[in-house]
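Here is the structure we will look at.
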Amino acid sequence: MTIIDIINKKRLKKELTREEIKFAVNGYLDSTIKDYQMSSLLMAILLNGMTDRETIDLTDIMLKSGDIIDLSKIDGIVVDKHSTGGVGDKVTLVLAPLLASLGIKIAKMSGRGLGHTGGTIDKLESIKGFNTKISEDKFIEQVNNINIALVGQTGNLVPADKKIYALRDVTGTVESIPLIASSIMSKKLASGADIIMIDVKVGSGALMKTLEDAKELARIMVKIGKSYRKPTICLITNMDEPLGYSIGNSLEVQEAINTLKGNGPKDLLEVVMTLSSIIIGAVNKISNSDAKDLLFKQLNNGEAYNKFVELVQAQGGDINKIAISNKVYSIKSNKEGFINHIDALRLGEIAKNLGAGRNTLDDKIDYEVGLVLNKKVGDYVEKDEELLKVYAKDKGANVNEIINCFRIDKELEAVPKLILDIVK
Ligand code: URA
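Counting from 118, one number per residue, gives the positions in the sequence shown under the numbering used here.
This is the structure:
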């Protein structure tokens, strides 16, 4: 078997055997297969796809390339929640303590942000002292004690994905459904949870641009999960405008705290409630409306917020020290009308360029900067009324570029639905 035969076979749209996929992945990991050869194979996969069997085999081979976390020492059903990445996506910061306050075990390993989307770990680190690097033993102990731990990836989890993802990022091969599905699911399966919940974002600010692609990604991820007997549920949600009002690390933590105290924005709350009620329904076998009642009670009686404070304290953070830049300026609308679209992708990039995100994993980020919308899609704006606030520090933002992210018309168009589908 040679890598050239494997590349040629995929170029000719033929199905690869498990042995061939294993040869390519393991050979790339031990560097006997070179970057240029793997790039060529990845491009052939992007163009010609993979069958479900190939995708499941690829996931399994990647999963077994490194450590697999054993969470059997945690009493009860452990839930993991993942998002394919969006702008202003602070769902985990609300959902995780909310569910933990109801006794659900949340043992979550999260990633850092890259490009225009933020990462939960960066957001948590904007709380002074919050330690996201705890040992596996402490991680398990904390989940047993307080039902929740949110940490960065520990150990040598799916090294094949780490190496292949870095190559995909620089060779235009990220946007392949079988490659995305195997990348996400190998990491979720290696993290050891009993139930996997995935928020598949679709729209201009997301990796999946069409509902059709999002549904296909969800379908194959659910199928992969089932092949390991792990219930996997995908919610497909709209990411045409940022979620909630704030974009940027500290600003998003602040919005999550407000939501945990019962004062959250409607769209954020809708995603949190839909995901959480599905999880509660799956774990406690109760109806969706009973689950929603329970969840609202936890937001309104302070229990969800108290759980977040407990989490922050357990991981060494100081809830009263979340710094936000005081260099704030307001961006005003240059016309009146209805806001029919807000470009989430561009606003995510503008926030990143202010310092809220990174271009490479080595870049340092500034937790204090970002954007806070004053208007959402469907709202009416007067001329000279505020569209958003910029929280800046060392770097500025171009006013016209921000204004151009808002499409303002005389007539109001139908406001797009937020929850588009559930695949399980
Ligand atoms: N997130 C991942 O973890 N992998 C992908 O391929 C895309 C998004």
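Heads up, the beta-carbon is just placed ideally off N, CA and C, and yes, glycines get one too.
(message) Check this for me: beta carbons of Gly465 and Asp483, under 7 Å apart or not?
(response) The count along the sequence shown starts at 1 and reaches residue 465 at position 348. The count along the sequence shown starts at 1 and reaches residue 483 at position 366. No.
(message) If distances are taken between C-alpha atoms only, which option among Gly228, Thr201, Asp184, Gly289 comes closest to Arg475?
(response) In the sequence shown, the residue the question calls residue 475 occupies position 358. Nearest C-alpha to Arg475: Gly228.
(message) Please list the terminal residues of the continuous beta strand (DSSP E) segment that includes Phe140.
(response) One-based indexing of the sequence shown puts residue 140 at position 23. That residue, Phe140, is in no beta strand (DSSP E); its alpha helix (DSSP H) goes 135 to 146.
(request) Count the other CB atoms, across all protein chains shown, that sit within 10 Å of the CB of Val339; report buried if there are 16 or more and exposed otherwise. (result) To locate residue 339, count along the sequence shown from 1; it is residue 222. Buried: at least 16 other Cβ atoms inside 10 Å.
(message) Let's see if you can read the secondary structure: which residues bound the beta strand (DSSP E) around Ile350?
(response) Sequence index remark: in the sequence shown, residue 350 carries index 233 (1-based). In the DSSP annotation of this structure, the continuous segment of the beta strand (DSSP E) that includes Ile350 starts and ends at 349 to 355.
(message) I'd like to know if the stretch 251 to 258 and the stretch 147 to 167 are in contact, where contact means that at least 3 CB-CB pairs between them fall below 8 Å.
(response) By the criterion of at least three beta-carbon pairs nearer than 8 Å, the stretch 251 to 258 is not in contact with the stretch 147 to 167.
(request) Look up Ile341 in the DSSP assignment and say whether it is helix, strand or coil. (result) Start at 1 with the first residue of the sequence shown, and residue 341 comes out as number 224. Helix.
(request) Within 10 angstroms of the Cβ of Val445, are there 16 or more other Cβ atoms? Answer buried if so, exposed if not. (result) Taking the first residue of the sequence shown as 1, we reach residue 445 at position 328. Its Cβ having fewer than 16 others within 10 Å, Val445 is exposed.
(message) According to DSSP, simplified to helix, strand and coil, what is Val429?
(response) Residue numbering aside, residue 429 sits at position 312 when the sequence shown is read from its first letter. Note: Val429 maps to helix in three-state DSSP.
(message) Just to confirm, is the Cβ distance from Leu188 to Ala224 under 7 Å?
(response) Reading the sequence shown from its first residue, position 71 is the one you call residue 188. Reading the sequence shown from its first residue, position 107 is the one you call residue 224. Yes; because the gap between Cβ atoms is below 7 Å, this pair is in contact.
(message) In this structure, how does DSSP classify Ser447 when only helix, strand and coil are distinguished?
(response) Along the sequence shown, one-based indexing puts residue 447 at 330. Strand.
(request) Using a threshold of 7 Å, state whether the C-beta atoms of Leu392 and Phe425 are closer than that. (result) As a first step, residue 392 must be located in the sequence shown, where it is residue number 275. As a first step, residue 425 must be located in the sequence shown, where it is residue number 308. Not a contact, by the Cβ cut-off of 7 Å.
(request) Look at Leu535 and Asn355 and say whether their C-beta atoms are less than 7 Å apart. (result) Residue mapping note: residue 535 aligns to position 418 of the sequence shown, counting from 1. Residue mapping note: residue 355 aligns to position 238 of the sequence shown, counting from 1. Result yes, Cβ atoms of Leu535 and Asn355 sit closer than 7 Å.
(message) I'd like to know whether the C-beta atoms of Ser321 and Ala461 end up nearer to each other than 7 Å.
(response) Reading the sequence shown from its first residue, position 204 is the one you call residue 321. Reading the sequence shown from its first residue, position 344 is the one you call residue 461. Pairing Ser321 with Ala461 gives a Cβ-Cβ distance under 7 Å.
(message) Taking DSSP's pairing of strands, which residues face Ser200 in a bridge?
(response) Here residue 200 refers to the residue found at position 83 when the sequence shown is read from its first residue. Partner(s): Asp316.
(request) Locate the beta strand (DSSP E) running through Val540, then write down its first and last residues. (result) Start at 1 with the first residue of the sequence shown, and residue 540 comes out as number 423. Segment 536 to 540, the beta strand (DSSP E) holding Val540.
(message) Counting only C-beta atoms, is Leu504 closer than 7 Å to chain B at any point?
(response) Absence of chain B from the displayed structure is noted, only one protein chain being present.
(request) Report the rounded CA-to-CA distance for Phe455 versus Glu499, giving the unit in angstroms. (result) Within the sequence shown, numbered from 1, the residue matching residue 455 stands at position 338. Within the sequence shown, numbered from 1, the residue matching residue 499 stands at position 382. So the alpha carbons of these two residues sit roughly 9 Å apart.
(request) Can you tell me which of Leu529, Val204, Lys222, Gln415 puts its alpha carbon nearest to the alpha carbon of Ile191? (result) Taking the sequence shown and counting its residues from 1, one reaches residue 191 at position 74. Nearest of Leu529, Val204, Lys222, Gln415 to Ile191, Cα basis: Lys222.
(request) Kindly indicate the opening and closing residues of the alpha helix (DSSP H) around Arg229. (result) On the sequence shown, residue 229 is found 112 positions in, with the first residue counted as 1. It is not in any alpha helix (DSSP H) - Arg229 carries neither H nor E in the DSSP assignment.
(request) Check whether the Cβ atoms of Met226 and Gln270 lie closer than 7 Å to each other. (result) Reading the sequence shown from its first residue, position 109 is the one you call residue 226. Reading the sequence shown from its first residue, position 153 is the one you call residue 270. It is a contact, given that the beta carbons lie within the stated cut-off.
(message) On the CB-based measure, 16 or more other CB atoms within 10 Å of its CB, does Asp311 come out buried or exposed?
(response) Reading the sequence shown from its first residue, position 194 is the one you call residue 311. The residue is buried, with at least 16 neighbouring Cβ atoms inside 10 Å.
(request) Pick helix, strand or coil for Val287, following the three-state DSSP scheme. (result) In the sequence shown, counting from the first residue as 1, residue 287 sits at position 170. Reduced to three states, the DSSP call for Val287 is coil.
(message) At a threshold of 6 Å, does Ile297 count as lining the ligand URA (C-beta to nearest heavy atom)?
(response) Position 180 of the sequence shown, counted from the start, is the residue given in the question as residue 297. Checking every heavy atom of the ligand URA against the Cβ of Ile297, one is found closer than 6 Å.
(message) Within 10 Å of its beta-carbon, does Val489 have 16 or more other beta-carbons around it, so buried, or fewer, so exposed?
(response) Here residue 489 refers to the residue found at position 372 when the sequence shown is read from its first residue. By the neighbour-count rule (16 or more Cβ atoms within 10 Å), Val489 is buried.
(request) Work out the CA separation of Asn143 and Asp480 for me, nearest whole Å. (result) Locating residue 480 in the sequence shown gives position 363, where the first residue counts as 1. Locating residue 143 in the sequence shown gives position 26, where the first residue counts as 1. Distance between the alpha carbons of Asp480 and Asn143: 29 Å.
(message) Looking at the secondary structure, which residues open and close the alpha helix (DSSP H) in which Glu372 lies?
(response) Numbered from its first residue, the sequence shown carries residue 372 at position 255. Where Glu372 is concerned, the enclosing alpha helix (DSSP H) stretches over 366 to 377.
(request) Give the DSSP-derived three-state secondary structure of Ile170 in the structure shown. (result) Your numbering for residue 170 matches position 53 in the sequence shown. Here residue 170 is Arg; the residue named in the question, Ile, does not match the sequence. Note: Arg170 maps to helix in three-state DSSP.
(request) Please indicate yes or no: does the CB of Val450 lie closer than 6 Å to some heavy atom of the ligand URA? (result) The residue given as residue 450 occupies position 333 in the sequence shown. In the sequence under discussion, the amino acid at residue 450 is Ser, which differs from the Val named in the question. Checking the Cβ of Ser450 against the ligand URA gives no.
(request) Check each candidate in Ala373, Ser243, Lys492 and name the one with the smallest Cα separation from Thr209. (result) The residue given as residue 209 occupies position 92 in the sequence shown. Nearest option by C-alpha distance: Ala373.
(message) Taking the alpha-carbon of Asp357 as reference, which of Ile459, Lys245, Thr249 has the nearest alpha-carbon?
(response) In the sequence shown, counting from the first residue as 1, residue 357 sits at position 240. Looking at the Cα atoms, Ile459 is the closest of the given residues.
(request) Measure from the alpha carbon of Leu180 to the alpha carbon of each residue in Arg285, Lys493, Ile341, then state which is nearest. (result) Counted from its first residue, the sequence shown places residue 180 at position 63. Out of Arg285, Lys493, Ile341, Ile341 has the C-alpha closest to the C-alpha of Leu180.
(request) Kindly indicate the opening and closing residues of the beta strand (DSSP E) around Glu466. (result) Your numbering for residue 466 matches position 349 in the sequence shown. That residue, Glu466, is in no beta strand (DSSP E); its alpha helix (DSSP H) goes 461 to 468.
(request) Using 10 angstroms around the beta-carbon of Glu164, count the other beta-carbons present and answer buried if the total reaches 16, otherwise exposed. (result) Here residue 164 refers to the residue found at position 47 when the sequence shown is read from its first residue. With the sequence shown as reference, residue 164 is identified as Leu, and Glu is not the correct amino acid for it. With fewer than 16 other CB atoms across the displayed protein chains lying within 10 angstroms of its CB, Leu164 is exposed.
(request) Look at the Cβ atom of Ile263, then the Cβ atom of Ala431, and state whether they are nearer than 7 Å. (result) Position 146 of the sequence shown holds residue 263. Position 314 of the sequence shown holds residue 431. Contact flag set, yes.
(request) Report whether the distance from the Cβ of Ser303 to the nearest heavy atom of the ligand URA is below 6 Å. (result) Stepping through the sequence shown from its first residue, residue 303 is reached at position 186. No, Cβ of Ser303 sits at least 6 Å from all heavy atoms of the ligand URA.
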